[in-house]
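Here my numbering runs 213 ahead of the position in the sequence shown, where the first position is 1.
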Amino acid sequence: MPSESESNNVIILGSGCAGLTAAIYTARANLNPLVIEGVLPGGQLTTTSEVENFPGFPEGIDGFMLMDNLRKQATRFGARFVSDVITSVELTPGNNTLRSENASYPAKALIVATGASPRMLGVPGEKEMYGGKGVTTCATCDGAFYRDRDVAVIGGGDSACEEALFLTRFCSKVYLVHRRDELRASKIMADRVLSNPKIEMVWNSTVQSINPDDQGFVSSLTTLDKTTGKSRQITLQGVFIAIGHIPNSSAFKGQLPLDDEGYFIPESHSQVRTAKAGVFVAGDCADHHYRQAITAAGMGCQAAIETERWLSTQG
Ligand code: NAP
């Protein structure tokens, strides 16, 4: 396992689309990157059954396979991998240190690509049917699998509205389940949702459980109307949870600028540069707007090129 004694030109923290793309680019630039994979090697995409919108795969590609391919591509050019969970960091330009429970990793440059985790409801059935059995957190990724089906979106923000509107392209009916009687989303999004004949609002309601059929696939949703105290069972085949994301940035609190939600705030003139020289951010931990595999990969590429340029100025 790499340790204090080993000096690294660049460490990439995270092995999702952003991290692995940064690894491919920095490895091809002969920077011998070390990728620290966390608890979910390959990131969020490894939990998606099929990815149909990553350019270059006309038949689609299994999420796990896509990430495995990116990893092999990075390895081919010399990227090194270690599995560890970083709990604290010390950022000093040109001399950064990342620490886990049992090891510490020094690096001249650092690319933070730690991703974001979808906030989940924590109700019965959610975990069991997540990723391929009817519970998902990404309409752009999975919506097309629900053609002519009934689905529900949970949440009342812009993401939930965007997901619901997107799903109306495929689905027969979209229930939007929100815990209050007013959407949090921007007025324009809310108006679009409220005027869409395919969307039925389920107001003031929380999800009690997501219920499986005999094969373990989603077959219904039980909601509780807080104003009437009545439960309702809605027959459907898909549940899209859109109640926000939690960026994986806690180890950097106090070291790099974070917004109120914990997303990294890049320098104004760049998507990937941070307030600390030689420290770059990429992917969902720094992007709450697009959150796509291909945009994360693009940011990983940008961060790698910035890293290469910055290192070349460091003598
Ligand atoms: P968000 O604005 O934080 O909304 C989260 C929604 O989920 C809220 O309606 C919230 O309910 C609900 N919620 C949270 N926890 C819940 C729980 N445990 N159970 C049930 N409901 C729960 O998150 P977001 O929609 O992902 O948006 C994040 C940011 O990205 C926002 O700034 C948004 O404007 C932006 N965004 C913009 C666009 C766009 O402009 N096209 C698209 C997507 C996102 P309450 O309302 O009751 O709190």
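For glycine and all other residues, C-beta sits at the position ideal for the given N, C-alpha and C. Computed from a predicted structure; not experimentally measured.
| Query | Result |
| --- | --- |
| To which residues does DSSP link A329 through a beta bridge? | P460 |
| DSSP beta-bridge partners for D363? | K386 |
| Assuming C529 contacts Y359 (C-beta within less than 8 Å), just tell me the rounded distance between them. | Missing from the structure shown is residue 529; the chain here goes from 214 to 528 and no further. |
| My understanding is that L524 touches A322, with C-beta atoms under 8 Å, so please give their C-beta distance in whole angstroms. | 6 Å |
| Which whole-angstrom value is the C-beta distance of T435 and Q450, which I expect to be below 8 Å? | Wrong, their Cβ atoms sit about 15 Å apart, outside the cutoff. |
| Taking 6 Å as the limit between beta carbons, can you name the residues of its chain near N417, skipping five residues before and five after? | D394, D438, K439 and T440 |
| Could you tell me the distance, in whole angstroms, from the CA atom of N424 to the CA atom of R293? | 43 Å |
| Is the closest heavy atom of ligand 1 to the C-beta of A373 under 7 Å? | yes |
| Could you give the distance in angstroms between the alpha-carbon of A316 and the alpha-carbon of V295? | 11 Å |
| Run the proximity test for G338: is its beta-carbon closer than 7 Å to any non-hydrogen atom belonging to ligand 1? | no |
| Mind checking Q446: buried by the 16 CB within 10 Å criterion, or exposed? | exposed |
| In this structure, how does DSSP classify K400 when only helix, strand and coil are distinguished? | helix |
| Taking 8 Å as the cut-off, does the segment 320 to 339 touch the segment 224 to 234 (at least 3 CB pairs, one atom from each stretch)? | yes |
| With distance defined between alpha-carbon atoms, name the residue in A242, I412, A499 and K489 nearest to L304. | K489 |
| If you check the beta carbons only, do A403 and E376 fall under 8 Å apart? | no |
| Going by the beta-carbon positions, is the gap between A235 and A517 smaller than 8 Å? | yes |
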